[in-house]
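If you count the sequence shown from 1, position 168 lands on 168 in my numbering, and the numbers rise without skipping. Cβ coordinates follow ideal geometry from the N, Cα and C atoms, glycine included.
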Amino acid sequence: MQAEGVATVTLNAALDHSLECPGFRAGAVNRVISHWVDPGGKGINVAAFLAGWVRPVTAAGFLGRDNVQPFEALFRAKGIEDRCRRVAGETRVNLKVLDPAGNQVTDINLPGVKVGEEDWATLKQDLESLAGTRRWFVLSGSLPAGLPEDAYAELVCLLRRKGGLVALDASGPSMRLGVAEGPDLIKPNIHELEELLGRKLPKREDVLAAARGLVAQGIGRVVVSMGADGALLVERGRALFAKPPPVEVVSTVGAGDAMLSGVLASLAGGGDLEECARRGTAFAVGTLTRHGPVLPPRAEVETLMARVKVEEVG
Numbered sequence: 001m002q003a004e005g006v007a008t009v010t011l012n013a014a015l016d017h018s019l020e021c022p023g024f025r026a027g028a029v030n031r032v033i034s035h036w037v038d039p040g041g042k043g044i045n046v047a048a049f050l051a052g053w054v055r056p057v058t059a060a061g062f063l064g065r066d067n068v069q070p071f072e073a074l075f076r077a078k079g080i081e082d083r084c085r086r087v088a089g090e091t092r093v094n095l096k097v098l099d100p101a102g103n104q105v106t107d108i109n110l111p112g113v114k115v116g117e118e119d120w121a122t123l124k125q126d127l128e129s130l131a132g133t134r135r136w137f138v139l140s141g142s143l144p145a146g147l148p149e150d151a152y153a154e155l156v157c158l159l160r161r162k163g164g165l166v167a168l169d170a171s172g173p174s175m176r177l178g179v180a181e182g183p184d185l186i187k188p189n190i191h192e193l194e195e196l197l198g199r200k201l202p203k204r205e206d207v208l209a210a211a212r213g214l215v216a217q218g219i220g221r222v223v224v225s226m227g228a229d230g231a232l233l234v235e236r237g238r239a240l241f242a243k244p245p246p247v248e249v250v251s252t253v254g255a256g257d258a259m260l261s262g263v264l265a266s267l268a269g270g271g272d273l274e275e276c277a278r279r280g281t282a283f284a285v286g287t288l289t290r291h292g293p294v295l296p297p298r299a300e301v302e303t304l305m306a307r308v309k310v311e312e313v314g
């Protein structure tokens with residue numbers, strides 16, 4: 001059987017509870033005018049974005065047994081194969097207080113599940129069996145309590161040894177250790193890239209040099225998201241800068257995951273770096289116009305792709 005499609009791995013999933021609260025002030029009585037809950041975590045977001053663009057899409061990782069229903073409903077609605085391990089306790093809840101008047105988002109993140117050695121070993125066995133059937137694996141997000149800092153490094157080695165292509169989107173020590181194992185794609189934002197390298201990157205030329213250095217060390221592609229300034233995509237022998245079209249921003253939740261999803265949708269379909277730049281940026285921009293990690297209809301995404309300005313750099 002030929003490997004195809006994408007599997008996302010979310011080790012520390014979350015339920016994102018968004019509260020729209022104009023004029024929010026700490027230490028005061030605040031009134032919420034609307035609220036909603038999105039099953040999330042970076043890998044879950046990527047799976048949801050890719051559903052309808054790539055087939056098949058599989059979600060793996062850990063979910064707490066006590067509040068698993070919203071995730072199961074999402075998987076059914078999107079046609080995502082559910083290969084998540086259920087563990088004791090509740091998946092963590094992230095509160096996002098949205099203040100449209102002040103254009104601010106306040107995050108309050110609760111603790112989540114603790115993963116034991118047996119659950120971790122079983123998940124690695126699950127992924128090893130998936131490696132022969134899925135072409136791309138997405139490792140993204142934070143680590144739950146109980147897992148070692150080199151958890152992503154372990155998975156990069158395991159999956160690449162089995163022939164899988166690996167995309168990594170994390171931060172801190174888990175990102176640094178994972179990058180050292182040479183994944184096929186990484187997608188840091190500018191702050192995560194600075195953290196990874198241990199130095200400031202004040203100019204676009206600095207970001208370009210840093211990304212090229214990582215490619216030279218064995219990373220297949222580096223995608224650096226820089227917010228409203230655009231994104232830089234670098235592979236061996238080529239670098240592109242993508243400038244997004246202006247839109248009215250409703251929410252920034254999930255925009256980075258959307259960019260990674262657009263890049264992967266292009267790669268899964270055999271697209272080149274320019275298509276990755278256009279679709280990744282269009283996914284991210286489209287998500288900015290919606291509440292929560294949601295893409296606009298396909299026709300709107302295609303229109304946004306055409307409006308992305310792509311230039312060769314360096």
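So for G178, helix, strand or coil by DSSP? The sequence position of residue 178 within the sequence shown is 178, counting from 1. Helix at G178.
Inter-stretch contact at 8 Å, needing at least 3 Cβ pairs: the stretch 236-250 / the stretch 18-34: No, they do not touch.
In whole angstroms, what is the alpha-carbon distance linking L295 and I33? The count along the sequence shown starts at 1 and reaches residue 295 at position 295. The count along the sequence shown starts at 1 and reaches residue 33 at position 33. Spanning the two alpha carbons is a distance of roughly 23 Å.
Taking DSSP as the reference, what is the three-state secondary structure of P263? Against the sequence shown, residue 263 aligns to sequence position 263. Looking at the sequence itself, residue 263 is Val, so the reference to Pro does not match. Looking at V263 - three-state DSSP - the assignment turns out to be helix.
Identify every run of the alpha helix (DSSP H) within the stretch 16-52, keeping only runs that are complete inside it and at least 4 residues long; order them along the chain. Taken in chain order, the complete alpha helix (DSSP H) segments of 4 residues or longer contained in the stretch 16-52 are 42-50.
Given a threshold of 16 other Cβ atoms within 10 Å of its Cβ, counted over all protein chains shown, does D229 qualify as buried or as exposed? By one-based count along the sequence shown, residue 229 stands at place 229. Exposed.
Any idea which residues DSSP pairs C84 with across the strands? Looking up residue 84 in the sequence shown gives position 84. Partner(s): G61.
Spell out the partners DSSP gives R92 in its beta bridges. As a position in the sequence shown, residue 92 is number 92, starting the count at 1. Per DSSP, A14.
Cross-strand partners of F283 (DSSP beta bridge): Here residue 283 refers to the residue found at position 283 of the sequence shown. In DSSP, F283 forms no bridge with anything.
Proximity winner among A258, S266 and R307, relative to R290 (alpha-carbon distances): As a first step, residue 290 must be located in the sequence shown, where it is residue number 290. Measuring from the Cα of R290, the nearest candidate turns out to be A258.
Hey, out of Q217, W120, L19 and L233, whose CA is closest to N12's CA? Within the sequence shown, numbered from 1, the residue matching residue 12 stands at position 12. Minimum Cα distance to N12 is reached at W120.
Does DSSP put N103 in a helix, a strand or coil? In the sequence shown, the residue the question calls residue 103 occupies position 103. Note: N103 maps to coil in three-state DSSP.
Alpha-carbon to alpha-carbon, T287 and E195: Here residue 195 refers to the residue found at position 195 when the sequence shown is read from its first residue. Here residue 287 refers to the residue found at position 287 when the sequence shown is read from its first residue. Cα to Cα, the separation comes out at about 26 Å.
Taking only runs that begin and end inside the stretch 142-188, name each unbroken beta strand (DSSP E) of 3 or more residues, in chain order. The stretch 142-188 contains these whole beta strand (DSSP E) runs: 165-169.
Based on the DSSP secondary-structure assignment, which residues constitute the bridge partners of N109? Position 109 of the sequence shown, counted from the first residue, corresponds to residue 109. Beta-bridge pairing links N109 to N94.
Please classify K321: does DSSP put it in a helix, a strand, or coil? Examination of residue 321 is not possible in this model, given that the chain is present from 1 through 314 alone.
CA-to-CA distance, A216 to G164, given in whole angstroms: Here residue 164 corresponds to residue number 164 of the sequence shown, with the count starting at 1. Here residue 216 corresponds to residue number 216 of the sequence shown, with the count starting at 1. G164 and A216: Cα-Cα distance of roughly 21 Å.
So for R238, helix, strand or coil by DSSP? For this step, residue 238 is matched to residue 238 along the sequence shown. Correct three-state label for R238: strand.
If G220 sits next to L185, beta carbons under 8 Å apart, how far is it from one beta carbon to the other, in whole angstroms? Here residue 220 refers to the residue found at position 220 of the sequence shown. Here residue 185 refers to the residue found at position 185 of the sequence shown. So it is a contact: roughly 6 Å between Cβ atoms.
What are the partner residues of F137, as DSSP defines its beta bridges? Residue 137 sits at position 137 when you count from the first residue of the sequence shown. Per DSSP, A7 and V166.
In the DSSP assignment, what are the bridge partners of K243? Position 243 of the sequence shown, counted from the first residue, corresponds to residue 243. Answer by DSSP bridge pairing, in chain order: K309.
Are A277 and V310 touching if we call contact CB-CB under 7 Å? The residue given as residue 277 occupies position 277 in the sequence shown. The residue given as residue 310 occupies position 310 in the sequence shown. Their beta carbons are under 7 Å apart, which means A277 touches V310 by this criterion.
Restricting to Cα atoms, I'd like to know which of G280, D82, P100 and E312 is closest to E205. By one-based count along the sequence shown, residue 205 stands at place 205. Of G280, D82, P100 and E312, the residue nearest in Cα terms is E312.
By Cβ distance, which residues of its chain are closer than 8 Å to P111, with the 5 residues on each side in sequence left out? To locate residue 111, count along the sequence shown from 1; it is residue 111. So the list reads R92 and A145, once near-sequence residues are dropped.
With H, G and I counted as helix, E and B as strand and the rest as coil, what does DSSP make of V215? By 1-based counting over the sequence shown, the position of residue 215 is 215. Here V215 sits in helix by DSSP.
Beta-bridge partners of A231, as assigned by DSSP: Position 231 of the sequence shown, counted from the start, is the residue given in the question as residue 231. A231 is bridged to S225 and A242.
To the nearest angstrom, how far is it from the Cα of G41 to the Cα of G102? Within the sequence shown, numbered from 1, the residue matching residue 41 stands at position 41. Within the sequence shown, numbered from 1, the residue matching residue 102 stands at position 102. One C-alpha to the other measures close to 26 Å.
Under 8 Å by Cβ, that's how I've got H35 and L19 pegged, so tell me the actual separation to the nearest angstrom. Walking along the sequence shown from the start, residue 35 turns up at place 35. Walking along the sequence shown from the start, residue 19 turns up at place 19. Between L19 and H35 the Cβ distance is about 5 Å, and since that is below 8 Å, they are a contact.
Please list, in chain order, all residues of the same chain as V156 whose beta carbon is under 6 Å from its beta carbon, the five residues on each side excluded. To locate residue 156, count along the sequence shown from 1; it is residue 156. The answer, listed in chain order, is V166, G178, E181 and P183.
Integer-rounded CB distance, given that F71 should sit under 8 Å from L63: To locate residue 63, count along the sequence shown from 1; it is residue 63. To locate residue 71, count along the sequence shown from 1; it is residue 71. With a Cβ gap of about 6 Å, L63 and F71 count as contacting.
Are there 16 or more other CB atoms within 10 angstroms of the CB of S129, so buried, or fewer, so exposed? Within the sequence shown, the letter at position 129 stands for residue 129. Under this definition S129 is an exposed residue.
Quick one, which of G262, F283, D66 and Y152 has its alpha-carbon nearest K124's? Your numbering for residue 124 matches position 124 in the sequence shown. Nearest Cα to K124 within the set G262, F283, D66 and Y152: Y152.
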